[in-house]
Structure formats: C-alpha cells, structure tokens
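One structure below.
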Amino acid sequence: MRLIASLLFCACLAILPDGMAAAKIVDEIVAQVNDEVITLSELEQAMKYIQANPAAGAKVKNNQAFRRQALEMLIDRKLAKEEAKRYGITVPEKEIKKTVDDIKQKYGFTDDETLSKALAKDGMTMEQLRQQLIEQIQQDRLMLSTVRSKVKVSDAEIQQFYEQRYRQADNRVHIKIINLPVAAGSSAEEQEEVRALAERILIQARRGESFDKLMETYSKSTPNVPGGDLGYIRQSDIDPRFFEFLSNLRPGEIVPLRAPFGFQIIKMVDAKVGKAKSLSEARGEIEQILIREQMAKLFSEYLQSIRQKAHIKILL
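Letter by letter, the sequence shown follows residues -21 to -1, 1 to 295 of mature numbering (1 follows the signal peptide of the UniProt record, and there is no 0).
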C-alpha cells in the first residue's frame, strides 16, 4: 500500500541510521565505500525499512536477496552523501527542526519524547533521525542539481498516464488502523505473540469495544508505518489490489491483515465515490509524478556511474 506504507518515505526516503561511531568493532563492518563503512546495525535497520515498505519488500525473494537489497540501498546512500559533500550542499538547522515538527504533527507524535520512544523501538535515536533527514534533503538537492535539467515529459506520456490512472472516478476510503509491528529478525515465538495479541484485539473490537480506545491502547506508530485514523485515502494513492480489498468492506466492518511489517486491524469507516478529474485538471499533478519518476531513474543511473569509480568492498 503505497500511501500507508511510505509514511516518512515522502519526507525522508528511508530512515536508516548512518551516524555510527568509528568505535564499532571490525567484525560488525559489512562493507566499505571509499572512506566510509557500513555496519551490521545499519544493515539490520535497512532490512527493517524494506520490510516496512511493500514496494521494496516485494522484490525480496529470499533472506540473502533481502540482505543484499538492503546493502545496495546503503551503498547508494553513502555514495550520494559523498557527492552532496563535493557539491557543497548543506541544510540549515531550522529546516531540520521544521521537518521533525512536521513529522510529529503528521503522524501523531505529541512531542520529542513520544517520537523518541517510537524510534527506540526500531533501534534508533533522535540524533540518527536528524542525521538521516539532513542526508536525504542533501540527496534530493543533489538529484535536482545533477539530473533535473535532463527530464522531459511529453504530452503523450501525460495522456497515457491519465488513461491508466486518472480516468477512473476519484474514489476514496476512510480507514482506521491498529498497527502491531514485528521487528525484523524476530523469532517465531515473538511473531506468534504479536499474532495472538492481534487476534485478541480483533475479538474485542468485533464485540463492540471502542475501536478508538483500542487504537490508543495498542497501536504502535513507527517512523516507517503509522497506525491511527488515516482519514480519506484516494484510490490513485494506493495499490489497486489493496483498494479493491478495502472497497469490498462495509462501513463499520473490522478485518485483520498480515502485512510484511507485522499485523494490522483495519476498520472501514466510510467510502466515497467521486467524479473523475478531467485531463486539464489532472495535468499538473500527473506531470509532477512523471518528473519524479524520471528523476529517480536518471539519478539511479548517475549513482551507478559513480560506483564504477568508487572503491567498494563487500565483507558479508
């Protein structure tokens, strides 16, 4: 589910701790990228991110591929970090503070303490979050500097995207979610404990206990996956198969879901059938989507070219 699973993805592509001290012992280093190292703890955090992002996790076929995908993501981040430094890209402190405040407001963290507790569940600190925000903003600006001028979106591409995604009605669903995350690397016993808890909560909810109260008591928002009242979600913002699943629910219906990152209990609050946007109404939005997609592709190619000149040593 693109909208729900992304969370901070829109604000900070991936929250992956990168500020580990050089005091990490040698056997915890899994790769070297020029003068930078990637530690085992960083790799484990990257694996958690992939688990929490179905769009990325869907590519994982086995545990070895899982680890390798996470490692490749970290290598790209190290290379982008070095390039941003070379371009002299900096981020003012006030911009980081505003971004952290926006995250707290958007995902229901009342203060730094509640956010810190959520981060701690994923083995992170506020300082690591701040560092990753800095690096992601630097990377975004590096992308603009290196590939934006090469992106061209044609009328034909806009028309095709409109036919595929926008001609349908602007349908929306309003859902609430109790999120019960399972940490990457959890034992079968630990996963069973969370599953059993989800089953108990589901029974309570279906017996008529306040879903909002159960949500407040049990739901655990993490920087990668939120719980709570998600409001109205547009059909075009989430995976078509998931929207179809939600559309078949009746208002008030409560269902369980096993997700890549844990267990969820979903309540369908309401559904709205909207009017499809015209091409002229959707044009600007479509153009921005296509620009972002092309930039991501070109930036990936740009990082690949940097790799050819970099010293990369895999120690796994």
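C-beta: ideal position from N, C-alpha, C; glycine also. Because the structure is a prediction, the values reported are computed rather than measured.
Taking C-beta to C-beta, are residue i and residue j nearer than 8 Å?
i	j	result
R174	F240	no
I54	I285	no
A148	G253	yes
I245	I182	no
L94	M105	yes
A49	A25	yes
L176	L159	yes
I157	S198	yes
V12	K57	yes
V70	I17	no
V152	Y211	yes
Y141	L269	no
R262	I137	yes
A255	Y86	no
L294	R46	no
Which of the three DSSP states, helix, strand or coil, is assigned to residue i?
i	result
D218	coil
A97	helix
I268	helix
A(-1)	With a pLDDT of 36 at A(-1), under the threshold of 50, the predicted position of this residue should be treated as unreliable, and no value is reported.
M103	coil
L(-15)	Reliability of the predicted coordinates at L(-15) is poor, the pLDDT of 36 falling under 50, and no value is obtained from them.
L282	helix
Q287	coil
L294	coil
R109	helix
F224	helix
D90	coil
K199	coil
A34	In this predicted model, A34 has a pLDDT of only 48, less than 50, meaning its place in the structure is not dependable enough to derive any value.
A25	helix
Based on Cα-Cα distance, which residue from the options lies nearest to residue i?
i	options	result
K131	K251, Y145 and Q273	Q273
L282	E62, A10 and V16	E62
F278	R120, I137 and S133	R120
R185	M247, M52, Q143 and V79	M247
M103	Y86, E23, R127 and T125	E23
R109	K129, D81 and S128	D81
D249	E266, L225, T125 and P235	L225
S133	E266, K288, E280 and A275	E266
According to DSSP, residue i sits in a beta bridge with which residue or residues?
i	result
D208	K155
T18	I8
D249	H153
R262	Answer is none; R262 lacks a bridge partner.
P235	I244
R213	R151
From the beta carbon of residue i, is the nearest beta carbon of chain D less than 8 Å away?
i	result
I75	The structure shown has no chain D; it contains just one protein chain.
Hey, which unbroken runs of the alpha helix (DSSP H) at 4 residues or more fall wholly within the segment 115 to 194? Here the runs fully enclosed are 134 to 140 and 167 to 185.
I'd like the ranges of any alpha helix (DSSP H) spanning at least 4 consecutive residues and lying wholly in the segment 36 to 85. 42 to 65 and 72 to 85
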